[in-house]
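Please read the structure below before turning to the comments.
There are 2 protein chains.
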Amino acid sequence: MPDQESTGQGSTLITGIGELVTNDGDRDGFAAMTGAALVIAEGTVAWTGPASRAPAADTVIDAAGRAVLPGFADSHAHLVFAGERSAEFAARMAGRPYRAGGILVTVEATRAASDAVLRANLRRLAAEMLRQGTTTFECKSGYGLTVPDEARGLALAAEVTAEVTYLGAHVVPPEFAADPAGYVDLVCGPMLAACAPSARWVDVFCEDGAFGADEAAAILAAGRAAGLAARVHANQLGPGPGARVAAEAGAASADHCTFLTGADIDALVSAQVVATLLPGAEFGTRQPFPDARRLLDAGATVALATDCNPGSSFTSSMPFCVALAVREMGMTTEEAVWAATAGGARALRRTDIGRLGAGARADLILLDAPSHAYLAYRPGVPQVAAVWQAGRLVAGAVPGPRP
Amino acid sequence: MPDQESTGQGSTLITGIGELVTNDGDRDGFAAMTGAALVIAEGTVAWTGPASRAPAADTVIDAAGRAVLPGFADSHAHLVFAGERSAEFAARMAGRPYRAGGILVTVEATRAASDAVLRANLRRLAAEMLRQGTTTFECKSGYGLTVPDEARGLALAAEVTAEVTYLGAHVVPPEFAADPAGYVDLVCGPMLAACAPSARWVDVFCEDGAFGADEAAAILAAGRAAGLAARVHANQLGPGPGARVAAEAGAASADHCTFLTGADIDALVSAQVVATLLPGAEFGTRQPFPDARRLLDAGATVALATDCNPGSSFTSSMPFCVALAVREMGMTTEEAVWAATAGGARALRRTDIGRLGAGARADLILLDAPSHAYLAYRPGVPQVAAVWQAGRLVAGAVPGPRP
Chain A
-19 MPDQESTGQG STLITGIGEL VTNDGDRDGF AAMTGAALVI AEGTVAWTGP
31 ASRAPAADTV IDAAGRAVLP GFADSHAHLV FAGERSAEFA ARMAGRPYRA
81 GGILVTVEAT RAASDAVLRA NLRRLAAEML RQGTTTFECK SGYGLTVPDE
131 ARGLALAAEV TAEVTYLGAH VVPPEFAADP AGYVDLVCGP MLAACAPSAR
181 WVDVFCEDGA FGADEAAAIL AAGRAAGLAA RVHANQLGPG PGARVAAEAG
231 AASADHCTFL TGADIDALVS AQVVATLLPG AEFGTRQPFP DARRLLDAGA
281 TVALATDCNP GSSFTSSMPF CVALAVREMG MTTEEAVWAA TAGGARALRR
331 TDIGRLGAGA RADLILLDAP SHAYLAYRPG VPQVAAVWQA GRLVAGAVPG
381 PRP
Chain B
-19 MPDQESTGQG STLITGIGEL VTNDGDRDGF AAMTGAALVI AEGTVAWTGP
31 ASRAPAADTV IDAAGRAVLP GFADSHAHLV FAGERSAEFA ARMAGRPYRA
81 GGILVTVEAT RAASDAVLRA NLRRLAAEML RQGTTTFECK SGYGLTVPDE
131 ARGLALAAEV TAEVTYLGAH VVPPEFAADP AGYVDLVCGP MLAACAPSAR
181 WVDVFCEDGA FGADEAAAIL AAGRAAGLAA RVHANQLGPG PGARVAAEAG
231 AASADHCTFL TGADIDALVS AQVVATLLPG AEFGTRQPFP DARRLLDAGA
281 TVALATDCNP GSSFTSSMPF CVALAVREMG MTTEEAVWAA TAGGARALRR
331 TDIGRLGAGA RADLILLDAP SHAYLAYRPG VPQVAAVWQA GRLVAGAVPG
381 PRP
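One line per chain: the protein sequences are A and B, in this order. Residue -19 is where the first sequence starts when you use this note's numbering, and the numbers rise one by one after that. Residue -19 is where the second sequence starts when you use this note's numbering, and the numbers rise one by one after that.
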């Protein structure tokens, strides 16, 4: 434990924390302390422990019994786009099924939009996420599907996050409808060359109507050769090869995982691929929810993310995803909150976020509630009172005494 | 249409409204205008129409293409209580079924709480509702279950709303476990006499484990004799007589309606009893959702409400209920928003709220979205930007131009 000196100039003590979710216990998984305090210094967590033993600091904040959590890590979002699809949503709710081809509506609008329009929309969504407690988010391209449009999307994404994903392989664009192999060549060749400098990750939508197993494997291999680590859209709309492709490619994460066989789960567990579940997509397309319980019981690492996009899942709310995971997917409140914080960090191969132990980045949420369980116990209610990113208060405010 | 003069001193023009939900068309049901404006004067709606023809006003607000809706009317909430039941919630999510007896945990905490504690909790929840767009809410007693505790609960509720409901018949308290008939006598006699002056409504939880058909009918009749209009908790946990009792008593509303027979629906329609659906309760107890489509197709009037309470449904979010109604209950976005506004007004027999036509109370919401559909299209995302109650801005702020 550091002494008072080590908290340094500009340190902040948050004390009176009813529940401090640290995800930093002896065992891997959810961990929390009650009656706790936390010290932030130089953008990182300098100390956590019992409030009664907290060191001095330059600024003291009283949490008044509220809960403090790591900021959410949303490892799957599509935020570079123009236009909206609320009419398609309403029609789908009235009975029309979801099809991957709806993506092309957004592709058309995105190609036609100016940089300024795309940037304003992206920044509006990023700010909205931050207000809801998401302090790290991944952002994919995938609505450009030409070399310049994909490169533009990634450059814009890189302005707002370090977790930038090249998703040229979202769907085959109409101009390649007669030559899908030619589009795969473009994705693996000139488009990748133009995009790789802005990206950390390569992703592929491996699904009927999008890309098959061999195409997906080729795209991930090309991405890896260009220095990009792999993630995969897998098994969203039906059974298929996505999870297996992810495992064989050593992907960080297989995302959706709604339709998995036992062999798929074994492959994910063996290859230590995180299963990232996106319940907003099932909510928004009225599909069955993925079975998180089955994955957890098999030893898989599960993350939760929003899949925020204008077609299948236009929520940016990690609290909403936590509530759905508990109601619909067999997760406990602890498992769901771990999946939305530490799980997202795993899916992004990050060790500096998703936890609140000494040395972690000081990304944290003050809930206007006494425990993490309230995210599921009070669904839909905005309960994120204040958000710190790298030690700086970036959204909300610290409320007064809690009645 | 009034001329400019009639908007008077202190009038406010909201113009540039992308979609103005009026619920005030020629036909009964959802109605909206695009490219609209609205004038508020003296706490009421003075004018609505095309933005191009809007009269002058003292203050002008630019909605910048956003949607304006009537404030939500939440016709079913239990806000006078102490304590919380997040551990019971978490256990239930892990597999333990919901039982009405859990109410007694809250009864014990409520009886033990000071007026100040109850008032602070009630006001916190009322403010939270307002921030989420609920400009009218009903509030029940039912966690006191003694003469002084029920009377206290209603007096506190009457401090914050005109829609106060006497629910002495929530469950039989433990001290009457051996004499439930004696408790019904108390509810119909001295407790009613002490409570009626603070209340507008009488309610009864008609369900196995709570009160049977004859008891419920007797309680509603006694309430009516004391000047209280009837509403009923009906058919939440299984089939039963609740809906029929509500119809026979001429109740304004039968609430929950999760397990209805065809005959139940016919009875509600014939007696013009509103079916108030509370999807937060099904979400929070993992029960099947009520079938709104079946009710609507049979000609029933459907309302949506939160059932906000610390046991079965601790959400205060009408937007969340709208999203669930669309995803889970077969309602269109128009039907769900009508049910959350005009439907709630019907369930409270109010004609001054739930609509935005000339003469209505100026209770309205500015969404940070271009249409009402976004409440379902973007589930979980806080989109209520500003709220007016009787013409006064009471929560949020008018945002700048929308990107």
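Glycine included, C-beta positions come from ideal geometry on N, C-alpha and C.
Start-to-end residues for the alpha helix (DSSP H) that takes in residue i
i, result
"T85/A", "Rather than Thr, the amino acid found at residue 85/A in this sequence is Val. V85/A -> alpha helix (DSSP H) spans I83 to A92."
"Y123/A", "Note, Y123/A: premise wrong, no alpha helix (DSSP H); not H, not E."
"F387/B", "The requested residue 387/B does not occur in the structure, where chain B is confined to residues -19 to 383."
"E314/A", "T313 to W318"
"A175/B", "In the sequence on display, residue 175/B carries Cys and not Ala. Run containing C175/B: P170 to C175, per the alpha helix (DSSP H) assignment."
"L344/B", "Not the alpha helix (DSSP H): L344/B falls in the beta strand (DSSP E), residues L344 to L347."
"R204/A", "A193 to A205"
Proximal residues to residue i (C-beta, below 6 Å), its chain only, five neighbours per side dropped
i, result
"P221/B", "A193"
"T39/B", "T(-8)"
"V152/B", "P160 and Y163"
"P170/B", "V127"
"I20/B", "T(-8), A342 and G371"
"V254/A", "S233, T281, A283, R326 and A327"
Residue i versus the options, residue with shortest Cα-Cα distance
i, options, result
"A89/B", "A71/B, T116/B, D129/B and G51/B", "D129/B"
"A205/A", "A229/A, R224/A, C186/A and V253/A", "A229/A"
"E314/B", "T86/B, L284/B and R329/B", "L284/B"
"T24/B", "A353/B, G380/B and L373/B", "L373/B"
"D95/A", "R65/A, A137/A and C119/A", "A137/A"
"S32/B", "A93/B, T(-5)/B and E64/B", "T(-5)/B"
"W368/B", "A223/B, S250/B and M109/B", "M109/B"
"R330/A", "A92/A, A209/A and L59/A", "A209/A"
"S250/B", "A232/B, H236/B and L257/B", "A232/B"
"V167/B", "T145/B, D332/B and I199/B", "I199/B"
"A176/A", "C186/A, L147/A, A190/A and A62/A", "L147/A"
"G82/B", "G189/B, A100/B, G51/B and P30/B", "G189/B"
"A316/B", "D4/B, T2/B, F10/B and L0/B", "F10/B"
"P362/A", "P35/A, R307/A, C237/A and A303/A", "A303/A"
Whole-angstrom C-beta distance between residue j and residue i, which should lie under 8 Å
i, j, result
"A47/A", "G15/A", "Contact flag wrong, Cβ pair sits at about 12 Å."
"L328/B", "A53/B", "6 Å"
"R273/B", "M298/B", "Contact flag wrong, Cβ pair sits at about 20 Å."
"P379/A", "D332/A", "That pair is no contact at about 28 Å."
"T145/B", "C119/B", "7 Å"
"G203/B", "V225/B", "Not really, about 13 Å apart at Cβ, beyond 8 Å."
CB contact check: residue i to chain E, cutoff 8 Å
i, result
"M13/A", "Among the protein chains of the structure shown, namely A and B, there is no chain E."
Per-residue DSSP class, three states only, for residue i
i, result
"T321/B", "helix"
"R65/B", "coil"
"T295/A", "coil"
"E(-1)/A", "strand"
"F10/B", "coil"
"L276/A", "helix"
"D244/A", "helix"
"S351/B", "coil"
"G15/B", "strand"
"N101/B", "helix"
"D42/B", "strand"
"R178/B", "Note that residue 178/B is Ser in the sequence shown, not Arg. It is helical."
"V253/A", "coil"
Chain-order list of residues whose beta-carbon lies under 7 Å from that of residue i (same chain, five-residue window excluded)
i, result
"F239/A", "N215, G218 and P219"
"A353/A", "T313"
"S292/A", "Y78, A261, G264 and T265"
"P381/B", "A44"
"T2/B", "A11, A12, M13, T28, R335, L336 and G337"
Span of the beta strand (DSSP E), counted from its first residue to its last, around residue i
i, result
"T281/A", "First-last for T281/A: undefined, no H or E at that position."
"D54/B", "F52 to D54"
"E143/A", "E143 to A149"
"R372/A", "R372 to G376"
"R33/B", "Neither: R33/B is in no beta strand (DSSP E) and is coded neither H nor E."
"D183/B", "W181 to C186"
"D235/B", "S233 to H236"
8 Å CB neighbourhood of residue i in its chain, flanking five on each side removed
i, result
"D246/B", "A278"
"A377/A", "A365 and A366"
"R103/A", "V140"
"M311/B", "A272, R273, L276, V282, A305 and A319"
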